[in-house]
Amino acid sequence: MFPKLDPLLHSELRLAVMSILVGVDEADFTYLKKQTGATSGNLSVQIDKLMAAGYITVEKGFKGKMPRTTCKITAAGQEAFEGYVKALKEYIS
Amino acid sequence: MEKSKEQIEEMTAAKSLSLITETLNNSRRDILRNSSKYFVLWGCLLTVMSLAIYLLWHFTGSPKWNFLWFAMPLGYFIAAVMGRHDKGMPQNEIGRILGNIWTVFGVFSVCISVIAVFLVPLHVTLLIVVILGIAESISGAVLKNWPVIIAGFILGVGGALVAVLVKSEAQLLLFTLGGVLLAATGLTVKYQYR
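Line order of the protein sequences matches chains A and B. Position 82 of the first sequence, counting from 1, maps to 82 under our numbering, and the rest follow consecutively. Each number in our numbering corresponds to the 1-based position in the second sequence with 93 added.
Below, the structure is given as structure tokens:
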């Protein structure tokens with residue numbers, strides 16, 4: 001019996017965002033957009049979904065005079081990501 | 094032939110794992126490649142400063158030019174200005190560890206210099222070249238890069254020996270070598286993560 005994959009993470013863009021955030025302290029929206037190649041609108045929607053699930057936190061602030069949105073993975077997000085990778089490995093092995 | 098649900102899920106799982114690996118690697122590579130410019134900055138600064146002080150001391154015969162070393166922390170301001178152009182580049186564990194290693198090196202160097210100048214006479218060149226070598230080797234270990242580890246060892250251990258054998262301004266050339274090695278470390282990191 002295969003474990004159920006977390007549907008929230010089983011989406012290309014959300015998984016890419018989580019994969020970036022799992023390896024860094026925090027990342028701003030511009031960096032995530034550049035790394036994933038997503039459009040601003042789509043990325044915003046996916047970030048909101050991850051935030052609503054408690055997988056990431058989003059902070060809006062300013063860097064100098066420029067607005068800056070910073071995303072950070074939470075402990076719950078880290079745990080979900082690890083569980084997801086573990087489940088994927090079981091599918092493959 | 095129609096694929097079973099398990100086969101489709103297996104392919105999706107493989108694709109997902111591949112996406113995770115690729116994204117993690119890309120992000121790690123970008124961050125480390127970006128950090129390489131700070132190695133180059135400090136390496137160039139150390140090379141230029143040590144050569145300038147060496148030449149000034151050599152041609153004027155005055156060791157007072159060593160006070161110019163206290164201008165080295167200016168490098169932090171240059172680094173801060175460079176950091177503004179990073180465009181939201183995040184920090185990861187390795188980048189933070191490297192930053193901490195070199196911050197500790199900077200603090201130790203300044204403190205040792207202040208003690209040597211104002212409190213008790215210490216062999217500043219010997220002490221700083223040893224900790225410079227240690228910082229370089231630890232950076233190499235963090236980066237899993239043997240040439241950097243060995244360069245640090247040669248600089249620290251060989252430099253300590255040379256610092257004792259060589260007198261006055263010629264000792265400064267050890268820092269020139271250290272600066273070149275530091276800049277070379279930066280270029281190695283840039284090459285390693287291009």
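Yeah, the Cβ is synthetic: ideal placement off N, Cα and C, and Gly gets one too. None of these values were measured; they are calculated from a predicted model.
- For the set I205/B, V282/B, W158/B and I247/B, the Cα lying nearest the Cα of E262/B is the one of W158/B.
- Per DSSP, reduced to three states, the secondary structure at P67/A is strand.
- Counting C-beta pairs closer than 8 Å gives fewer than three between the segment 111-125 of chain B and the segment 54-66 of chain A, which falls short of the contact rule.
- Interface residue (Cβ-Cβ distance to chain A less than 9 Å): M182/B is classified as such.
- Taking 9 Å as the threshold, the shortest C-beta distance from L117/B to chain A falls below it.
- By the beta-carbon neighbour count (other beta carbons within 10 angstroms, threshold 16), R287/B is exposed.
- A straight line joining the alpha-carbon of L5/A with that of F81/A spans about 10 Å.
- In the same chain as G77/A, and ignoring 5 residues on each side of it, the C-beta atoms closer than 6 Å to its own belong to Y55 and I56, in chain order.
- If you check each beta-carbon in the segment 121-149 of chain B against every beta-carbon of chain A, the ones closer than 9 Å belong to R121, D123 and I124.
- Beta-carbon to beta-carbon, I113/B and L15/A are separated by about 7 Å, close enough to satisfy the 8 Å threshold.
- Only residues of its own chain outside the window of five on either side were considered, and among them I194, W195, V197, F198 and G245 have a CB closer than 8 Å to the CB of A228/B, listed in chain order.
- By the Cβ neighbour-count rule, V45/A is exposed, with fewer than 16 other Cβ atoms within 10 Å of its own.
- For V213/B, the three-state secondary structure derived from DSSP is coil.
- Buried is the label assigned to P183/B, since at least 16 other Cβ atoms lie within 10 Å of its Cβ.
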